[in-house]
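Letter by letter, the sequence shown follows residues 597 to 904 of this note's numbering. Even for Gly, the Cβ is constructed at its ideal location relative to N, Cα and C.
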Amino acid sequence: MSLSMQKARDWTGIRGFPNATQNKLHELLEKLKYDKVNTLTILVMGKGGVGKSSTVNSLLGERVTYVSAFQSEGLRPMIFPRVLAGFTLNVIDTPGLVEGGYVNEQSLDTIKRFLLDKTIDVLLYVDRFDSYRVDNLDRQIIKAITDTFGKKIWKRSVIGLTHAQLSPPDGLSYDDFLARRSETLMKVIRSGATIKNREIQDYDIPIALIENSGRCTTNDDLEKVLPNGICWIPNMMKTITEVISNGSKAIYVDQKLIDGPDPNLRGKIFIPYILAFQYFFVVKYIKGSIMGDIKKEKKPLWQLRDGF
Ligand code: GDP
Ligand code: MG
């Protein structure tokens with residue numbers, strides 16, 4: 597059995613969380629089961645080094661996947677299935693989507709193939725909280741994800757922002773910084789995913805703050821807590837469960853989605869238009885000029901001569 601295809605195991609990592617966190621997670625899973633949801637598959641994607649693998653480890657409460665400060669990531673996606681009281685949580689870690697300043701199409705392709713016959717319940721798109729700008733590369737990544745899975749994937753997404761234990765610069769409050777960072781990110785996501793202004797309400801993409809550092813502050817219940825008082829692990833799970841109950845559809849990855857639009861078919865769509873164009877402009881024009889010639893020919897020769 598390959599490493600990337602792990603068998604479902606009991607989710608023992610949850611027992612490592614403080615009781616308060618465990619209780620909140622149990623409550624969320626119970627609610628899902630009550631809603632007849634027995635599996636939750638989370639696909640984690642983003643640039644390299646943003647903290648995807650660390651987030652997978654934090655969420656499962658186990659060191660399951662390779663974390664590196666030096667961007668030498670694993671090359672293949674990995675799925676980590678965990679079972680708890682009849683509920684299966686699948687978390688999929690993926691390699692970064694950028695190489696040498698460009699979107700790594702090959703890595704995206706590998707991810708897509710890996711997902712064959714799987715259902716993505718939620719895309720957790722990870723980036724860093726403590727970054728101050730977005731650029732065209734971010735837009736390209738969003739566009740590539742959109743082209744791969746369809747625009748509807750953004751109705752099933754959560755933006756996870758790592759390094760969330762931060763003191764904002766320039767005297768900004770934490771919430772102001774969060775608002776600004778969210779706004780710039782959302783702009784680039786809307787642009788890359790071609791979400792129009794009138795569609796913004798249909799694509800209300802929530803943000804979950806993340807702090808994977810072992811030095812994350814804890815509260816009296818020993819839960820990992822952010823500067824805004826939020827216990828981020830149960831909060832992220834809550835955000836994820838809210839997304840799956842927002843009425844949108846999960847993304848099932850079939851062969852058709854993997855193959856993408858058939859290049860032959862893409863051309864064929866235009867055939868009726870080409871025929872119509874030919875009829876109206878070419879055929880009509882030729883007909884017209886033939887009729888003209890016939891008319892001309894019917895004219896007596898002297899009339900034609902006069903015309904010149
Ligand atoms: P990936 O390439 O996106 O999978 O990123 P990794 O999870 O391998 O993390 C890259 C580096 O960032 C590692 O050195 C991690 O320890 C560090 N890191 C990841 N998340 C956080 C975080 O939330 N806070 C801090 N302080 N460091 C983080
Ligand atoms: Mg990684």
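Environment of residue i [buried if 16+ CB atoms lie within 10 Å]
i: Y721; result: buried
i: T744; result: buried
i: T617; result: buried
i: V694; result: buried
i: F877; result: exposed
i: P768; result: Contrary to the premise, residue 768 reads as Leu rather than Pro in this sequence. Exposed, because fewer than 16 other Cβ atoms sit within 10 Å of the Cβ of L768.
i: F904; result: Summary for F904: the model assigns pLDDT 45, below 50, so the residue's position carries little reliability, and this model does not support an answer.
i: A872; result: exposed
i: T813; result: exposed
i: S913; result: There is no way to answer for residue 913, as the model of the chain reaches only from 597 to 904.
i: S885; result: exposed
i: R724; result: buried
i: E626; result: exposed
i: N653; result: buried
i: G756; result: buried
i: E819; result: buried
Residue i beta carbon near the ligand GDP (any heavy atom closer than 7 angstroms)
i: N808; result: yes
i: V663; result: yes
i: G746; result: no
i: V646; result: yes
i: T813; result: no
i: G657; result: no
i: G756; result: no
i: G609; result: no
i: G642; result: yes
i: G696; result: no
i: G825; result: no
i: H759; result: yes
i: G856; result: no
i: G612; result: no
Residue i (DSSP reduced to helix, strand or coil)
i: Y875; result: helix
i: F904; result: With a pLDDT of only 45 at F904, under 50, the local geometry of the prediction cannot be trusted, and no value is derived from it.
i: L774; result: helix
i: A804; result: strand
i: R735; result: helix
i: S763; result: coil
i: N842; result: coil
i: G696; result: coil
i: N831; result: helix
i: F710; result: helix
i: I791; result: coil
i: G810; result: coil
i: G910; result: Since the displayed the chain opens at 597 and closes at 904, residue 910 lies outside it and no answer follows.
i: Y630; result: helix
i: Y848; result: strand
i: F745; result: helix
i: Y721; result: strand
i: G884; result: helix
i: R611; result: helix
i: V652; result: helix
i: D889; result: helix
Beta-carbon proximity list for residue i, same chain, < 6 angstroms, skipping 5 on both sides
i: K747; result: A789
i: D766; result: none
i: N815; result: V821
i: F613; result: G657
i: I675; result: N686 and I688
i: I791; result: Y799
i: K714; result: V849
i: I638; result: V687, V718 and L720
i: D726; result: H759 and L762
Cβ neighbours of residue i in the same chain (closer than 7 angstroms, five flanking residues each side left out)
i: S649; result: T661, Y662, V663 and D689
i: I738; result: V784, I785, G788 and A789
i: L704; result: L693, A740 and T744
i: V699; result: L693, Q736, I737 and A740
Close Cβ partners of residue i (< 8 angstroms) along its chain, the five nearest in sequence each way excluded
i: P754; result: It is Val, not Pro, that sits at residue 754 in the sequence shown. Answer for V754: V718, L719, L720, Y721, I801, P802, I803, A804, M832, T835, I836 and V839, listed in chain order.
i: D606; result: R678, V679 and L680
i: T684; result: A604, N634, T635, L636, P677 and R678
i: D631; result: S841
i: T742; result: I749, W750, G788, A789 and T790
heavy atom of the ligand SAH below 7 angstroms from residue i C-beta
i: S778; result: Only the ligand GDP and the ligand MG can be found as ligands here, which leaves the ligand SAH out of the picture.
Closer than 7 angstroms: residue i CB and nearest the ligand MG heavy atom
i: D723; result: no
i: S649; result: yes
i: D689; result: yes
Interface flag, residue i vs chain C, CB-CB below 8 angstroms
i: L719; result: Judged by its chain identifiers, the structure shown contains no chain C, having just a single protein chain.
- request: Answer yes if the stretch 620 to 630 comes into contact with the stretch 677 to 685, meaning at least three C-beta pairs across the two stretches below 8 angstroms, and no otherwise.
  value: yes
- request: Check whether the stretch 790 to 800 touches the stretch 762 to 779, counting contact only when three or more Cβ pairs, one atom from each stretch, lie closer than 8 angstroms.
  value: no
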